[in-house]
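Asker: One gets our numbering by counting positions in the sequence shown from 1 and adding 8 to each. Before I ask anything, let me first share the structure, which is written out below as structure tokens.
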Amino acid sequence: MYGYAEIKGHQFRLIPGEEIEVPAFEVEVGGEIDISPLLVFADGEQTFFGGDCAGFTAKATVIAHGKYPKIIIFKKKRRKGYKVTRGHRQKFTTLRIDEIVKIEEAE
Numbered sequence: 009m010y011g012y013a014e015i016k017g018h019q020f021r022l023i024p025g026e027e028i029e030v031p032a033f034e035v036e037v038g039g040e041i042d043i044s045p046l047l048v049f050a051d052g053e054q055t056f057f058g059g060d061c062a063g064f065t066a067k068a069t070v071i072a073h074g075k076y077p078k079i080i081i082f083k084k085k086r087r088k089g090y091k092v093t094r095g096h097r098q099k100f101t102t103l104r105i106d107e108i109v110k111i112e113e114a115e
């Protein structure tokens with residue numbers, strides 16, 4: 009059983025029991041997140057796409073928050089004496105996918 013969902017502009021494969029790193033959420037560690045709607049859902053026998061899988065949702069638990077390694081941005085104009093160095097560390101949240109259920113079963 010697996011599904012695909014769009015989370016903050018990125019698409020992720022959701023498999024129950026696996027952990028994924030997504031862009032940062034403002035949810036405490038141990039908090040629950042419902043991910044819906046799914047773009048694709050497959051249970052081994054049937055595969056649902058688009059509007060057919062709008063009735064499915066994924067439940068996930070926040071495991072941790074963190075930052076990716078620093079990326080250095082360096083700009084330079086030759087012969088002008090212009091140099092700028094900047095750094096950036098993207099924040100992320102680690103989610104554990106608990107289950108994928110039909111919305112009617114979740115309620």
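For each residue, glycine too, the CB sits at the ideal point set by N, CA and C.
Find the nearest neighbour of P77 within the set Q98, Y12 and D42, judged by alpha-carbon distance.
Answerer: Locating residue 77 in the sequence shown gives position 69, counting from the first residue. Out of Q98, Y12 and D42, Q98 has the C-alpha closest to the C-alpha of P77.
Asker: What span of residues does the beta strand (DSSP E) with I71 cover, start to end?
Answerer: Along the sequence shown, one-based indexing puts residue 71 at 63. Element bounds for I71: F64 to K75.
Asker: Please classify I43 as buried or exposed, where buried requires at least 16 other C-beta atoms within 10 Å of its C-beta.
Answerer: Taking the first residue of the sequence shown as position 1, residue 43 is located at position 35. By the neighbour-count rule (16 or more Cβ atoms within 10 Å), I43 is buried.
Asker: List the endpoints of the continuous beta strand (DSSP E) containing F56.
Answerer: If you number the sequence shown from 1, residue 56 lands on position 48. T55 to F57 is the span of the beta strand (DSSP E), which, as asked, contains F56.
Asker: If we call anything under 9 angstroms between Cβ atoms a contact, is K84 one with F100?
Answerer: Numbered from 1 along the sequence shown, position 76 holds the residue referred to as residue 84. Numbered from 1 along the sequence shown, position 92 holds the residue referred to as residue 100. Contact: no.
Asker: Taking just the CA atoms, how far does E36 sit from I23?
Answerer: Stepping through the sequence shown from its first residue, residue 23 is reached at position 15. Stepping through the sequence shown from its first residue, residue 36 is reached at position 28. Taking the straight line from one Cα to the other gives about 22 angstroms.
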